[in-house]
Amino acid sequence: MTDGRLPGGAVAVLGLGLFGIGLAVGGFGTYVARLVARGVAPDAAGFGSTLFLLGQLLVVYPADVASRRWSIRHAAAGGLALAAAGTALGGVLSVPVNYASRLLLGLGLGTAFLTSMKYAGRHTAGGRTARVQGVLGATFTLGLAVAIPVMPLAVEAVGPVTPSLVAAVPVAVGAVLAPVLPSAGTNGPLPFGTYVDAFRNPAGLALGLGNAASYGLLIVATTWYTDVATRLPGVPVALVLAGFAAATFVGRTWSGWLTAVTTERGAVGGSLLFLAGSLAVVAAALAAGSPLLLGLGLVLTGAGFGLPFGPLNSLAFANIGTDPGVLLVGMAALGNGAALVYPWLVGWLLGASGGYLAGFVTMALSVLGVAIAWHRVMYPARAT
């Protein structure tokens, strides 16, 4: 039950596993670029990230049921074990193995993420929930921040397999240690219809779309940003990727603290507008052929992807109409479902147009649409 703080070691154990998964996800772009260099079509190479999102979509309901029938910490351990297997396979440059790796990783992260957020939510209350969930999410993003600039260098130095095996180690350690964490408690199993009802909840739909716009498009970034940065001469690729990764990490880490200056709803709405504007800056840079503006825009999108995280997940535990675990499942399922087409779509648009402009225009308009929908749902009196 809620006591205002996480028990000692919980952030370290769950965060360690999420950090390792972040390393794997941060390496997506490096491995996609290697597959494309081997002659794999861009849309086929990007489809692994679509499977990653699909895995998260498919697993959130059974993961929540497992956390209710057994325990949150044991369900988290199972998710981390799946993710460790997917991470270890990630360096095999074969399309079928790549697809299997991404699907396993998605199943594992979907389970580990949902159970980690529930575990934090059961031990905290109020604004502290957003802050603690933001910190846990930031451990995943720290893995991204390390992998995005480092993975291309590591693969170049030691080949593709060793870095993925190294990334699997912290995930496996988290899987081993998670069952010994103190119990978080949970509510009993619920009928399947209760989960379906969450999709009829306007607030749940808005949360899902917010998740799609922020986390879902972050997976697009990890899939394609390495290639985006290298296509325009004059872009300091290593510096831009490091800046993007650092901005994403800082955005997630401090996302929960936005609630100190505004409401959770306001924090999400403002963050989505910032993200839409950042993606529009990237599109403008690509249209103008400006390496300086492109680097700036890519870095700004990192903050945009990170800032909605804490308030979104905190709202899933707020009193907005349904069980927090059910709402979290609905948010994750809708978010991943709405976003899963984008990694493939950006790759297809790249193949069709020869560039990324169409993809970034599509993403910017999509996020703007989500921000407008968020405003209408969360502030209905003001939107009329």
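Here the numbering used here is used: position 169 in the sequence shown is 339, and no number is missing along the way. The beta carbon of each residue, even a glycine, is placed where N, CA and C say it ideally should be.
Q. If we ignore side chains and look at the alpha-carbon of each, how far apart do Thr281 and His545 end up?
A. Linking Thr281 to His545 through their CA atoms gives a straight-line distance of about 30 angstroms.
Q.
I'd like the span of the alpha helix (DSSP H) that includes Tyr231, first residue to last.
A. 212–239 is the extent of the alpha helix (DSSP H) around Tyr231.
Q | 6 angstroms Cβ shell around Gly260 - same chain, five flanking residues per side excluded | A | Once the five neighbours on either side are set aside, the close Cβ partners of Gly260 are Ala194, Ser271, Ser334.
Q. Whose CA, out of Gly378, Ala543, Gly525, Ile242, lies closest to the CA of Leu227?
A. Checked all of Gly378, Ala543, Gly525, Ile242; the closest Cα to Leu227 is Gly378.
Q | For Ala541 and Gly344, the rounded distance between their alpha carbons | A | Rounded to the nearest angstrom, the two C-alpha atoms are 36 angstroms apart.
Q: Please report how far the alpha carbon of Val328 lies from the alpha carbon of Leu515, in whole angstroms.
A: Their backbone Cα atoms lie some 31 angstroms apart in a straight line.
Q. When the distance is taken between beta carbons, is Gly199 closer than 8 angstroms to Thr393?
A. Yes, these two residues count as a Cβ contact at 8 angstroms.
Q: Pick out whichever of Thr285, Leu250, Val531, Ala308 has its Cα sitting closest to the Cα of Ala415.
A: Selected option, being the one with the closest Cα: Ala308.
Q: Could you check the C-alpha separation between Leu504 and Val511 for me, to the nearest Å?
A: So the alpha carbons of these two residues sit roughly 12 angstroms apart.
Q: Determine the extent of the alpha helix (DSSP H) in which Asn381 is found, giving its start and end residues.
A: DSSP places Asn381 in the uninterrupted alpha helix (DSSP H) bounded by 372–381.
Q: Go through the region 417–480 residue by residue and report every complete run of the alpha helix (DSSP H) that reaches 4 residues or more, in order.
A: The region 417–480 contains these whole alpha helix (DSSP H) runs: 434–458, 461–476.
Q. By DSSP, does Val405 sit in helix, in strand, or in coil?
A. DSSP places Val405 in coil when its eight states are reduced to three.
Q: Pull up the distance between the alpha-carbon of Leu497 and that of Tyr365, whole angstroms please.
A: Computed Cα separation, rounded: 8 angstroms.
(Q) Can you give me the C-alpha to C-alpha distance between Gly491 and Ala508, rounded to a whole angstrom? (A) Reliability of the predicted coordinates at Gly491 is poor, the pLDDT of 48 falling under 50, and no value is obtained from them.
Q: Determine the burial state of Glu326: buried for a count of at least 16 other Cβ atoms within 10 Å of its Cβ, exposed for fewer.
A: Per the 10 Å Cβ criterion, exposed.
**Q.** Ser448, buried or exposed, once every other Cβ within 10 Å from all chains shown has been counted against 16
**A.** Classification for Ser448: buried.
Q: Alpha carbon to alpha carbon, how far is Ser237 from Pro361? Give it in angstroms, no decimals.
A: Rounded to whole angstroms, Pro361 and Ser237 show a C-alpha spacing of 14 angstroms.
Q: Give the secondary structure of Leu387 by DSSP, where H, G and I count as helix, E and B as strand, and everything else as coil.
A: Annotated three-state conformation of Leu387 is helix, per DSSP.
Q.
For Ala207, count the other beta carbons within 10 Å of its own beta carbon; 16 or more makes it buried, fewer makes it exposed. Which is it?
A. Of the residues assessed, Ala207 falls on the exposed side of the cut-off, its CB having fewer than 16 other CB atoms within 10 angstroms.
(Q) Quick check: what's the CA-CA separation for Val183 versus Ala324? (A) If I take the Cα positions, the gap works out to 26 angstroms.
Q: Identify, in the order they occur along the chain, each residue of the same chain with its Cβ nearer than 7 angstroms to the Cβ of Gly467, setting aside the five sequence neighbours on each side.
A: Residues Ser448, Val451, Val452, Ala455 of the same chain have their beta carbon placed closer than 7 angstroms to that of Gly467, with the five preceding and five following residues left out of the count.
Q: Would you give the residue range spanned by the alpha helix (DSSP H) that Gly529 belongs to?
A: Unbroken alpha helix (DSSP H) run through Gly529: 527–548.
(Q) Rounded to whole angstroms, what is the Cα-Cα separation between Val316 and Gly216? (A) One C-alpha to the other measures close to 21 angstroms.
Q. When the distance is taken between beta carbons, is Ala233 closer than 8 angstroms to Ala245?
A. Yes, they are a contact pair.
Q: For Val336, name the three-state secondary structure that DSSP assigns.
A: In the structure shown, Val336 sits in a helix (DSSP, three-state: H, G or I).
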